[in-house]
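Residue numbering for the sequence shown follows this note's numbering, starting at 19 and increasing by one per position.
For reference, the structure is listed below as structure tokens.
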Amino acid sequence: MELESLFADKLLTNYAPSELEIRQIHTLIREAETEQSRLQALLDGFLYQKAKIDEHIRTHRALLAGIRQLPTELLQKIFVYCLPSEGNTNVRAKEAPLLLGRVCRAWRQLSLSVPDLWSSLRICPPLPNLPTVHQMYGDGILAWINRSGVLPLSISFIEREPSLSLSRVNAIPHELPRPTIVLDTVMQFSCRWRNMQIELYHPQSHARLTLINPEDVPMLEEVKIERLWRGGWGSHTFLDGMLGSSSIRRVSFLGSIAMPSVSVLPPHWKNLTELRMDSSRNGDDATLTPATALGILSHCRNIVVCTFSLRSHGVEFPTYPDSLILPCLERLEIRYHWITAPILDIFRFFGTLDPLHYDA
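See the structure below:
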């Protein structure tokens, strides 16, 4: 459309129109605005039709997506690969497996039917310390574990540090979070525990776990204790309980934990393949003496991988036989701060371990 104007030669100049010309210019502008509105209406209609066509194409192309053609069994395996490669699964809506169930109804139904997606979880009892909050969280954990069918469970139970609890909820010491509601839920499935990571700060939680007998955890293979409520070993009920399971193969004590004496070690520890007693991980002082370390090794003759964090001061090295035979040992790590040997000139290690690792 050509836009004609009586004032074409006057445009972009300093020309001042007369009263009659001003009225003529207003008329031209109104006519142009009318045409502009008509064209905009046509354009809006075309854009609306284009959007409908785009949506039509998009939805039909979605039917051709390759993932829709995958067999159910393969899609289930892909779902499992969405889980964390290390550690247990976080209970978060923005991570698998919960995130998978938010994509579409079909994926939700499929994810709920795959027990492998729900056989591991990381449990952090929430704040504030309200029974209703813990009950709701416990119900969610129960639903999660029920979806795992009969598979062995890998669980991390991580309590909040008391100082952190106090700063967040302005609680007083006797009102610290007591996540026994959640812990009791988890303990219902102790017969299916395979891997357990424990970090406790509350005596009630510690008391609950010490009620577990070796017979209650027939599938337990690995226990990692990162923190225990102070006074944690007490009468060694932990050793008499879950750590005394006949199926136990891997044990880790990390952080400032009072190490057990050799005299109370469970008999089934002779079957251990991995043992880690390392307080240096959290920057704490080592509590394990060389005498205790040697005593433990003499009890665990099938050990394959071993890490010790040794106390370097205020101890005397024990007198032991010339040899300690550990036929399965492949990796040995010894961590210490120093050796008090004022006239030491040469330090040699003779052995065939590969790799050998020590920190000083």
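Don't be surprised by glycine CBs; every beta carbon is placed ideally from N, CA and C.
None of the values given here were measured: they were computed from a predicted structure.
Residue from 270, 232 and 236 whose Cα sits closest to the Cα of residue 242:
Residue mapping note: residue 242 aligns to position 224 of the sequence shown, counting from 1. Checking every option, the nearest Cα to that of residue 242 belongs to 270.
Could you compute how far the alpha carbon of residue 82 sits from the alpha carbon of residue 89?
Here residue 82 refers to the residue found at position 64 when the sequence shown is read from its first residue. Here residue 89 refers to the residue found at position 71 when the sequence shown is read from its first residue. Using only the alpha carbons, I get a separation of about 14 Å.
Look at the Cβ atom of residue 115, then the Cβ atom of residue 129, and state whether they are nearer than 8 Å.
Translated into positions along the sequence shown, residue 115 becomes position 97. Translated into positions along the sequence shown, residue 129 becomes position 111. Closer than 8 Å, so yes.
DSSP has residue 295 in a bridge; who is on the other side?
On the sequence shown, position 277 is the one that residue 295 refers to. DSSP, once it has assigned bridges, lists 271 and 326 as partnering residue 295.
Assuming residue 244 and residue 216 are in contact, meaning their beta carbons sit under 8 Å apart, how far apart are those beta carbons, in whole angstroms?
Residue mapping note: residue 244 aligns to position 226 of the sequence shown, counting from 1. Residue mapping note: residue 216 aligns to position 198 of the sequence shown, counting from 1. Contact holds; Cβ gap of about 7 Å.
Measuring straight from C-alpha to C-alpha, what distance separates residue 24 and residue 51?
On the sequence shown, residue 24 is found 6 positions in, with the first residue counted as 1. On the sequence shown, residue 51 is found 33 positions in, with the first residue counted as 1. Going from the Cα of residue 24 to the Cα of residue 51 covers about 17 Å.
Can you tell me whether residue 215 is helix, strand or coil according to DSSP?
Here residue 215 refers to the residue found at position 197 of the sequence shown. Residue 215: strand per DSSP, three-state reduction.
Are the CB atoms of residue 199 and residue 156 nearer to each other than 8 Å?
For the purposes of this step, residue 199 is identified with residue 181 of the sequence shown, where counting begins at 1. For the purposes of this step, residue 156 is identified with residue 138 of the sequence shown, where counting begins at 1. Against a cut-off of 8 Å, the Cβ pair of residue 156 and residue 199 comes out as a contact.
Which class does residue 280 belong to by DSSP, given the choice of helix, strand or coil?
The count along the sequence shown starts at 1 and reaches residue 280 at position 262. In this structure, residue 280 counts as helix in the three-state DSSP scheme.
Taking 8 Å as the threshold (C-beta atoms), are residue 283 and residue 314 in contact?
Along the sequence shown, read from residue 1 onward, the residue named residue 314 stands at position 296. Along the sequence shown, read from residue 1 onward, the residue named residue 283 stands at position 265. Contact: yes.
In the DSSP output, which residue or residues are listed as bridge partners for residue 240?
Position 222 of the sequence shown, counting from 1, holds the residue named residue 240. Beta-bridge pairing links residue 240 to 213 and 268.
Counting only runs of 4+ residues fully inside the stretch 46-109, write out the alpha helix (DSSP H) ranges in chain order.
For the stretch 46-109, whole alpha helix (DSSP H) runs of length 4 or above, ordered along the chain, are 90-99.
Roughly how many angstroms lie between the CA atoms of residue 71 and residue 80, to the nearest whole one?
What you label residue 71 is simply residue 53 of the sequence shown in a count that begins at 1. What you label residue 80 is simply residue 62 of the sequence shown in a count that begins at 1. The straight-line gap from Cα to Cα measures roughly 14 Å.
Contact under 8 Å by Cβ, residue 230 with residue 265
Looking up residue 230 in the sequence shown gives position 212. Looking up residue 265 in the sequence shown gives position 247. In this structure, residue 265 does not lie closer than 8 Å to residue 230 by Cβ.
Which partner residues does residue 174 have in the DSSP bridge list?
Within the sequence shown, numbered from 1, the residue matching residue 174 stands at position 156. DSSP lists 140 and 215 as partners of residue 174.
So, helix, strand or coil for residue 352, using DSSP?
Numbered from its first residue, the sequence shown carries residue 352 at position 334. Residue state, collapsed to three classes: strand.
Which of helix, strand or coil DSSP assigns to residue 344
As a working note, residue 344 is residue 326 in the sequence shown. DSSP places residue 344 in coil when its eight states are reduced to three.
Residue environment, residue 214, which counts as buried when at least 16 other CB atoms sit within 10 Å
Within the sequence shown, numbered from 1, the residue matching residue 214 stands at position 196. Buried is the call here.
Can you tell me whether residue 131 is buried or exposed? The criterion is at least 16 other CB atoms within 10 Å of its CB, across all chains shown.
The residue you call residue 131 lines up with position 113 of the sequence shown. Of the other Cβ atoms in all chains shown, fewer than 16 fall within 10 Å of the Cβ of residue 131; this residue is therefore exposed.
Cut-off 7 Å between Cβ atoms - residues of its own chain near residue 30, not counting five sequence neighbours on either side:
Here residue 30 refers to the residue found at position 12 when the sequence shown is read from its first residue. Same-chain partners within the cutoff: there are none.
Comparing C-alpha positions only, which one of 280, 125 and 40 sits nearest to residue 95?
The sequence position of residue 95 within the sequence shown is 77, counting from 1. The residue with the shortest Cα to Cα distance from residue 95 is 125.
So, with DSSP's three-state summary, where would you put residue 319?
Against the sequence shown, residue 319 aligns to sequence position 301. Three-state result, residue 319: coil.
Spatial neighbours of residue 262 within its chain, please: CB distance less than 7 Å, with the 5 preceding and 5 following residues excluded, ordered by chain position.
The residue given as residue 262 occupies position 244 in the sequence shown. So the qualifying residues of the chain are 232, 284 and 286.
Could you pull the DSSP bridge partners for residue 306 from this structure?
As a first step, residue 306 is located in the sequence shown; it is residue number 288 there, counting from the start. According to DSSP, residue 306 bridges with 328.
Near residue 98, what residues of its chain come up, given a Cβ to Cβ distance below 8 Å and the 5 sequence neighbours on each side ignored?
In the sequence shown, the residue the question calls residue 98 occupies position 80. 132, 134 and 135.
Got a sec? Which residues, its chain only, sit under 7 Å from residue 239 by beta carbon, not counting five neighbours each side?
Locating residue 239 in the sequence shown gives position 221, counting from the first residue. The residues are 212, 213, 265, 266, 267 and 268.
Which of helix, strand or coil DSSP assigns to residue 120:
As a working mapping, residue 120 is identified with position 102 in the sequence shown. Looking at residue 120 - three-state DSSP - the assignment turns out to be helix.
Between residue 107 and residue 140, how many whole angstroms is the CB-CB distance? I'm expecting something under 8 Å.
Residue numbering aside, residue 107 sits at position 89 when the sequence shown is read from its first letter. Residue numbering aside, residue 140 sits at position 122 when the sequence shown is read from its first letter. With 8 Å as the limit, residue 107 and residue 140 qualify as a contact, their Cβ atoms being about 6 Å apart.
Consult DSSP for residue 226 and reduce its assignment to one of helix, strand or coil.
Here residue 226 is taken as the residue at index 208 of the sequence shown, counted from 1. In this structure, residue 226 counts as helix in the three-state DSSP scheme.
At what residues does the alpha helix (DSSP H) containing residue 164 begin and finish?
Taking the sequence shown and counting its residues from 1, one reaches residue 164 at position 146. That run of the alpha helix (DSSP H) goes 149-164.
Between 345, 103, 328 and 235, which lies nearest to residue 288 when the distance is taken from Cα to Cα?
Here residue 288 corresponds to residue number 270 of the sequence shown, with the count starting at 1. Out of 345, 103, 328 and 235, 345 has the C-alpha closest to the C-alpha of residue 288.
So, is residue 220 buried or exposed, given that buried needs 16 or more other C-beta atoms within 10 angstroms?
Taking the first residue of the sequence shown as position 1, residue 220 is located at position 202. Buried, since its Cβ has 16 or more Cβ neighbours within 10 Å.
Using the C-alpha atoms, what's the distance from residue 356 back to residue 363?
On the sequence shown, position 345 is the one that residue 363 refers to. On the sequence shown, position 338 is the one that residue 356 refers to. The alpha-carbon atoms of residue 363 and residue 356 are separated by roughly 15 Å.
Under 8 Å by Cβ, that's how I've got residue 204 and residue 175 pegged, so tell me the actual separation to the nearest angstrom.
Residue 204 sits at position 186 when you count from the first residue of the sequence shown. Residue 175 sits at position 157 when you count from the first residue of the sequence shown. The pair is a contact, with the Cβ atoms about 6 Å apart (cut-off 8 Å).
Opening and closing residue of the alpha helix (DSSP H) in which residue 201 lies:
For the purposes of this step, residue 201 is taken as the residue at position 183 of the sequence shown. Run containing residue 201: 198-205, per the alpha helix (DSSP H) assignment.
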